[in-house]
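Next up, the structure:
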């Protein structure tokens, strides 16, 4: 059996955001000299990933680890500072707005907050017509209408509600509409940035089921960003664990949950609140997540890692295979863990 | 005498379109040192319940009926001035977002000293000493320097620890925590929850934990109340509710968790959404979403009745219990 081809390839991606204002703000007068200093938030530091066709790759991590930035950079809503993004074998991160249009039709995004991602002044019909019409300019009005009805039915929203405005819907229904909007242009790749985090438990299950049904019916590939590990265990084919802009571990879902390698993954997994009584006490991490402005030297996790040694504080660990898992940890590399 | 006794509490909101009842017929008791969880989806009324216990319901909301007895004293009938001697002093409240609860223009120390001096006649120096001691209790590293820092200089987890320390300042008998870890990451959430259990046990403080997360409830609390559309629908020991839920809604909530389904399989969803409080269906509010609905469910609102170790408000459960009694 051959490996499925990778649909999306991220190569050594970096993204920095300047926080020192414009050119004049960066100048300062020190010791008789005018110097220019720039400070950056290092949101992503050298991430390489590939998303295979038909899979659901989940990216997990705590807030501020750069997982949403990865999603936005992949969608070209942000330009990478360094590195390349390839979609179906073609490099897309350096394309002009116009050259990107055909890719926009194949890649769609679902955002976290359905209260903010739908235009409050557009009816649902208008919101769903717009992308279909834009990407299929030659279609007749009837064709567009048919398409809109089809996706609304696919996500379980009654097409006769199309004349209503977003505020007339509940959070779960709005998220369904956002999913319908993403499906309307028949994409093959969907980036979902925390699509269920703003929803209640019973509604979360509905939306997750909907996403899984859509994947089965339309042969979709997902890049699924979330902080909720129990969702990942259920939904993901493979999981990428991020910490402070770097990738710690990349593994098949089953393997990651049954045999986590990286100390951070272990701590993260043990912290999930469980219903059963016989769970082990969570692994305690000391200290706080460092700021991405002044990154620690060496492994970004060494300040909180119970197994850190001299080498961890100096040398940045590279992602290396360990069994079927890819893990970036000196301890595992040296066989200490 | 229980520490807190809520009897037939009804809270309404007077709106232009008419009055909406947010809480109906809520009754429960809480002993000293007991940890109680209140779970439900958003809009179920769990936060309104937390607010009405310390009489923080403001216009257009009001307590229409019922009483909140704290050590025998009815808080619902107290004047604001009397309430202030209890609120923050005997009953502390911890809110969801620590950035919103801390004053951004005052240092941590100022806020703690202010809180102490509002309730006790002590000098600023003494207040600072007590503050320092409470910060140590919640394991804040280098508490001395933290006292002079502003909230924005601290991380989210650290801020929530400070809020907990402020809650503990006056050695309260009851802490009401309204989604205290929802804004935090899982690793920090685990730390904060462990800390709260430890502090409650050490100081014999009762805790009411309001949350939507059944996992957190099962780890922290001894007893649980499940709310739906402003009513208590199930109440009992947490272990029994998690392992052997009787109300179809509670069962649905637990089964909807991703950890309850096999990987790659569809999740067990509850269909539909919770009805708005101004257009509740007749009879049981859950009946339109319930798989086991009986004719009686559309007619009468089920009352909370004893079933096993729990109290459940469901016609089906009552009927089944009646049947098994007859058989015996």
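Chains as they are written, first to last, in the working numbering: chain A, 7 to 343; chain B, 454 to 781. The beta-carbon is built from N, C-alpha and C at its ideal position, and this holds for glycine as well.
Might you give, ordered along the chain, the residues of its own chain that have their beta carbon closer than 6 Å to the beta carbon of residue i, omitting 5 neighbours on each side?
{"i": "residue 247 of chain A", "result": "66, 254, 255, 271"}
{"i": "residue 158 of chain A", "result": "165, 186"}
{"i": "residue 308 of chain A", "result": "314, 318, 319"}
{"i": "residue 731 of chain B", "result": "473"}
{"i": "residue 491 of chain B", "result": "499, 663, 678"}
Between which two residues does the alpha helix (DSSP H) carrying residue i extend?
{"i": "residue 572 of chain B", "result": "561-572"}
{"i": "residue 249 of chain A", "result": "Counting along the chain, residue 249 of chain A falls outside any alpha helix (DSSP H), though it belongs to the beta strand (DSSP E) covering 244-249."}
{"i": "residue 189 of chain A", "result": "177-189"}
{"i": "residue 152 of chain A", "result": "147-160"}
{"i": "residue 273 of chain A", "result": "269-276"}
{"i": "residue 768 of chain B", "result": "768-780"}
Excluding the 5 residues preceding and the 5 following residue i in the sequence, name in chain order all residues of the same chain whose CB lies nearer than 8 Å to its CB.
{"i": "residue 486 of chain B", "result": "653, 654, 657, 658, 659"}
{"i": "residue 193 of chain A", "result": "111, 112, 113, 114, 226"}
{"i": "residue 203 of chain A", "result": "118, 232, 233, 234"}
{"i": "residue 555 of chain B", "result": "561, 564, 604, 612, 615, 616"}
{"i": "residue 707 of chain B", "result": "667, 695, 698, 713"}
{"i": "residue 673 of chain B", "result": "488, 490, 646, 649, 650, 660, 662"}
Three-state secondary structure (DSSP) at residue i?
{"i": "residue 332 of chain A", "result": "strand"}
{"i": "residue 454 of chain B", "result": "coil"}
{"i": "residue 129 of chain A", "result": "coil"}
{"i": "residue 597 of chain B", "result": "helix"}
{"i": "residue 741 of chain B", "result": "helix"}
{"i": "residue 718 of chain B", "result": "coil"}
{"i": "residue 232 of chain A", "result": "strand"}
{"i": "residue 466 of chain B", "result": "strand"}
{"i": "residue 327 of chain A", "result": "strand"}
{"i": "residue 760 of chain B", "result": "strand"}
{"i": "residue 96 of chain A", "result": "strand"}
{"i": "residue 681 of chain B", "result": "strand"}
{"i": "residue 646 of chain B", "result": "helix"}
{"i": "residue 110 of chain A", "result": "helix"}
{"i": "residue 459 of chain B", "result": "strand"}
{"i": "residue 723 of chain B", "result": "coil"}
{"i": "residue 289 of chain A", "result": "coil"}
{"i": "residue 341 of chain A", "result": "coil"}
{"i": "residue 676 of chain B", "result": "strand"}
{"i": "residue 694 of chain B", "result": "helix"}
{"i": "residue 91 of chain A", "result": "strand"}
{"i": "residue 116 of chain A", "result": "strand"}
{"i": "residue 635 of chain B", "result": "coil"}
{"i": "residue 656 of chain B", "result": "helix"}
Output the boundary residues of the beta strand (DSSP E) element that contains residue i.
{"i": "residue 20 of chain A", "result": "12-24"}
{"i": "residue 764 of chain B", "result": "763-765"}
{"i": "residue 690 of chain B", "result": "684-690"}
{"i": "residue 492 of chain B", "result": "488-492"}
{"i": "residue 659 of chain B", "result": "659-664"}
{"i": "residue 204 of chain A", "result": "Segment: none, residue 204 of chain A is in no beta strand (DSSP E) and carries neither H nor E."}
{"i": "residue 197 of chain A", "result": "195-199"}
{"i": "residue 631 of chain B", "result": "627-631"}
{"i": "residue 257 of chain A", "result": "252-258"}
{"i": "residue 474 of chain B", "result": "471-483"}
{"i": "residue 81 of chain A", "result": "From DSSP, residue 81 of chain A is part of no beta strand (DSSP E); its letter is neither H nor E."}
Less than 7 Å between C-beta atoms, sequence neighbours within five positions excluded: which residues of the same chain meet that for residue i?
{"i": "residue 496 of chain B", "result": "727"}
{"i": "residue 760 of chain B", "result": "699, 770, 774"}
{"i": "residue 537 of chain B", "result": "none"}
{"i": "residue 328 of chain A", "result": "267, 338"}
Is residue i near the ligand PLP, in the sense that its beta carbon is under 7 Å from a heavy atom of that ligand?
{"i": "residue 754 of chain B", "result": "Ligands displayed in this structure: none; no statement on the ligand PLP is therefore possible."}
Check: For the stretch 30-69 of chain A, which segments carrying the beta strand (DSSP E) assignment without a break, of at least 3 residues, lie completely within its bounds, in sequence order?
Finding: 33-36, 39-42, 46-58, 62-66
Item checked: chain A contacts from the stretch 645-673 of chain B (Cβ-Cβ distance under 8 Å) -> 646, 647, 665, 666, 667, 668, 669, 671, 672
Next item on the list: Scan the stretch 498-583 of chain B and note each continuous beta strand (DSSP E) run of 3 residues or more that stays entirely inside, going in chain order.
Entry: 514-523, 544-547
Checklist line | Near-chain B residues of the stretch 160-192 of chain A - C-beta to any C-beta below 7 Å | finding: 176, 178
Check: Listed in chain order, which residues of the stretch 266-278 of chain A have Cβ atoms closer than 7 Å to some Cβ of chain B?
Finding: 273, 274, 277, 278
Item checked: Residues, ordered as in the chain, of the stretch 729-759 of chain B that lie near chain A by beta-carbon distance below 8 Å -> none
Notebook entry, point to check: Name the residues in the stretch 197-209 of chain A whose C-beta lies less than 8 Å from a C-beta of chain B; which are they?
Noted result: 206, 207, 208, 209
Next item on the list: Taking only beta carbons into account, state which residues of the stretch 689-715 of chain B come closer than 9 Å to chain A, listed in chain order.
Entry: 692, 695, 696, 702, 705, 706, 707, 708, 709, 710, 711, 712, 713, 714, 715
Next item on the list: Quick one: which residues of the stretch 63-74 of chain A get their C-beta closer than 8 Å to a C-beta of chain B? List them in chain order.
Entry: 68, 69
Checklist line | Contact set between the stretch 290-317 of chain A and chain B, restricted to residues whose Cβ is under 8 Å from the partner | finding: 290, 291, 294, 295
Checklist line | Chain-ordered residues of the stretch 237-253 of chain A with a beta carbon less than 8 Å from chain B | finding: 237, 239, 240, 241
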